[in-house]
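For the sequence shown, the working numbering puts the final residue at 138, and the numbers step up evenly by one.
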Amino acid sequence: MKVPSTEDWLRISNCFYEIWNLPICVDAIDGKHVCIQKMSKSGSTNYNYKWYHPDVLMAACDADACFTVIEVGNAGRNSDGCVFKTSRIGRWIQREGNILHLPSDQQLANDEIGGMFPFYFVAEEASFRFIHRLSNSS
Numbered sequence: 001m002k003v004p005s006t007e008d009w010l011r012i013s014n015c016f017y018e019i020w021n022l023p024i025c026v027d028a029i030d031g032k033h034v035c036i037q038k039m040s041k042s043g044s045t046n047y048n049y050k051w052y053h054p055d056v057l058m059a060a061c062d063a064d065a066c067f068t069v070i071e072v073g074n075a076g077r078n079s080d081g082c083v084f085k086t087s088r089i090g091r092w093i094q095r096e097g098n099i100l101h102l103p104s105d106q107q108l109a110n111d112e113i114g115g116m117f118p119f120y121f122v123a124e125e126a127s128f129r130f131i132h133r134l135s136n137s138s
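1. May I have a chain-ordered list of the beta strand (DSSP E) segments no shorter than 3 residues that lie completely inside the region 95-122?
2. Between residue 102 and residue 3, is the Cβ-Cβ spacing less than 8 Å?
3. With a threshold of 7 Å on Cβ separation, who are the neighbours of residue 5 within its own chain once the five nearest residues in sequence on each side are excluded?
4. Report yes if the CB atom of residue 117 is closer than 8 Å to the CB atom of residue 108, and no otherwise.
5. Is residue 113 buried or exposed, if buried means 16 or more other CB atoms sit within 10 Å of its CB?
6. Taking just the CA atoms, how far does residue 119 sit from residue 105?
7. Here's the rule I'm using: 16 or more other beta-carbon atoms within 10 Å means buried, otherwise exposed. How should residue 67 be labelled?
8. Compare the beta carbon distance of residue 89 and residue 72 with 8 Å and say whether it is the shorter of the two.
9. Taking Cβ positions, are residue 29 and residue 60 nearer each other than 8 Å?
As structure tokens, this is what we get:
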């Protein structure tokens, strides 16, 4: 799956604003534990507290719930936050530079102060609260 371009992120952001009233949002991100058949010789690598052997799907979706970035195959014993922190998607978002081609910071609509605001991903606070700044570093 190719990484969206800057133009793609701007289009997605416009859809988030029109559909969900979320300005400058580029994606919603979450993880899902998917039950799989235990892999041979995997021991307890994928065994979790719910008594099954999941793999973790980490994905980001646009305003219409279509995947834009996905990653599969993380050990199911880990939480969404832990998987995100060590995943390629997590490193791309948190890393200095602009690997994801996010647009430059923009002014919010109807903002009288006129400050610049970074494009961001929405996520569940409990799993992803360590993400503090998602703008590109220019």
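Built from N, CA and C at the ideal position, the CB exists for glycine as well.
Quick caveat: nothing in here was measured; it's all calculated off a predicted structure.
On the basis of the data shown:
1. none
2. By one-based count along the sequence shown, residue 102 stands at place 102. By one-based count along the sequence shown, residue 3 stands at place 3. Not closer than 8 Å, so no.
3. In the sequence shown, the residue the question calls residue 5 occupies position 5. Cβ within range, chain order: 101.
4. By one-based count along the sequence shown, residue 117 stands at place 117. By one-based count along the sequence shown, residue 108 stands at place 108. Yes, the pair counts as a contact, with Cβ atoms nearer than the cut-off.
5. If you number the sequence shown from 1, residue 113 lands on position 113. The residue in question, residue 113, is exposed, as its Cβ has fewer than 16 Cβ neighbours within 10 Å.
6. The sequence position of residue 105 within the sequence shown is 105, counting from 1. The sequence position of residue 119 within the sequence shown is 119, counting from 1. Going by the C-alpha atoms only, they are around 6 Å apart.
7. To locate residue 67, count along the sequence shown from 1; it is residue 67. So residue 67 ends up on the exposed side.
8. As a position in the sequence shown, residue 89 is number 89, starting the count at 1. As a position in the sequence shown, residue 72 is number 72, starting the count at 1. No, the Cβ-Cβ distance between residue 89 and residue 72 is not below 8 Å.
9. Locating residue 29 in the sequence shown gives position 29, where the first residue counts as 1. Locating residue 60 in the sequence shown gives position 60, where the first residue counts as 1. It is a contact, given that the beta carbons lie within the stated cut-off.
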